[in-house]
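Trainee: Residue numbers (the numbering used here): 12 to 238. Every residue gets a Cβ at the ideal spot worked out from N, C-alpha and C, and that includes glycine. Supplied in C-alpha cells, the structure appears directly below.
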Amino acid sequence: MPTILIVEDEETLREQLSQNLTIEGYDILTAADGQEGLDMARAEQPDLIVLDLMLPRLDGLSVCRMIRRDSQVPIIMLSARGMEMDKITGLETGADDYVVKPFGMGELLARVKANLRREASQVAARNPTVIESDDLKIDLIARRSWLNDVEQHLTQKEFGLLVELMRNKGVVLSRDLLLAQVWGDDYIGNSHTVDVHIRWLREKIEENPSKPTRITTVRGVGYRFEH
Ligand code: CA
C-alpha cells in the first residue's frame, strides 16, 4: 500500500488523520513541524504528502517548495479558510491539491485517492510499456514485438537492442553504450558483438536488410533508430 506522510502540528488532527488513513490501509508517517516533515519526506520518499500550511519551524509553503526541487510526489495542502488558494496550488509552490479546514474525513480520503490515482497514471505515461513506431510495436513487459501485426521472434539481445534504440528514436547510440545497456557493464566483449546482433535484428525488421532504413549506421559513431 502507498505510504502517506502527514505533516500537521495540531496533535488531535494529526492523530485523527493518521487513524482514518490507517483504516483505509495506507502506511502512515507523521511529522509535527515543517522541518521534521521536510526531513522525513526526503528520507522516506512517501507516495503522497498531506501538508498543513501553518507549521512551526518551517511553514508549509516553504516545505512544499523545497520538496518540489527534487520530487513530484503529490502534495495536498491543508489550510485555514480565507487563504488565497490559487497561490498555494500555483506553479510557485507546486502543491497538487488543497483542502480547507475544517474538512470532513470523507472529503480528504477522496482527495488522497484521486491524487494517488492521477500520479499512478502519470507514472505509467512516463514509463510506457508499449512503444510503437510506424508498423513496428514492442511490448516491454511481455517482451514481444510485432511488425505489421505479425509477431517477430527476437532473441533476448535483439529485443534489448531494439528497446534501447526505439526509446532513443532519432538519437545516435554508440556501440559501447548499447553493449553496456544490453549486455551489462560486466560483459567482456567488443563492439563487433553489437554489429552482429544488429545485423540479425535488421533481418527481422527491415524491408531490405542490406539497405536498412529503420536502424541506420552512423559511421564511426553507432546506430540510430529512424522510424
Ligand atoms: Ca497548523
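1. Can you determine whether any heavy atom of ligand 1 sits closer than 7 Å to the C-beta of residue 47, and answer yes or no?
2. Name the DSSP beta bridge partners of residue 147, please?
3. Would residue 71 be called buried (16 or more neighbouring beta carbons within 10 Å of its own) or exposed?
4. Would you tell me roughly how many angstroms separate the C-alpha atoms of residue 104 and residue 114, rounded to the nearest one?
5. What does residue 63 pair with, by DSSP beta-bridge criteria?
6. Could you tell me how far apart the beta carbons of residue 235 and residue 182 are, in whole angstroms, since I believe they sit closer than 8 Å?
7. Just the Cα atoms here: how many angstroms apart are residue 52 and residue 106?
8. Restricting to Cα atoms, I'd like to know which of 142, 146, 31 is closest to residue 121.
9. So the beta strand (DSSP E) residue 41 belongs to, where does it begin and stop?
10. Can you list, in chain order, the residues of its chain with a C-beta nearer than 6 Å to that of residue 68? Leave out the 5 residues immediately preceding and following it.
11. Short check: CB of residue 225 to CB of residue 216, under 8 Å?
12. What residues sit near ligand 1, counting only those whose C-beta is closer than 5 Å to one of its heavy atoms, in chain order?
Mentor: Quick look at the numbers:
1. no
2. DSSP lists 144, 158 as the bridge partner or partners of residue 147.
3. buried
4. 22 Å
5. Beta-bridge pairing links residue 63 to 89.
6. Contact check for residue 235 and residue 182: beta-carbon distance about 7 Å, within the 8 Å limit, so the pair qualifies.
7. Rounded to whole angstroms, residue 52 to residue 106 spans 14 Å at the Cα level.
8. 31
9. 38 to 42
10. Excluding sequence neighbours, residue 68 sits near 44, 45, 46.
11. yes
12. 20, 63, 65
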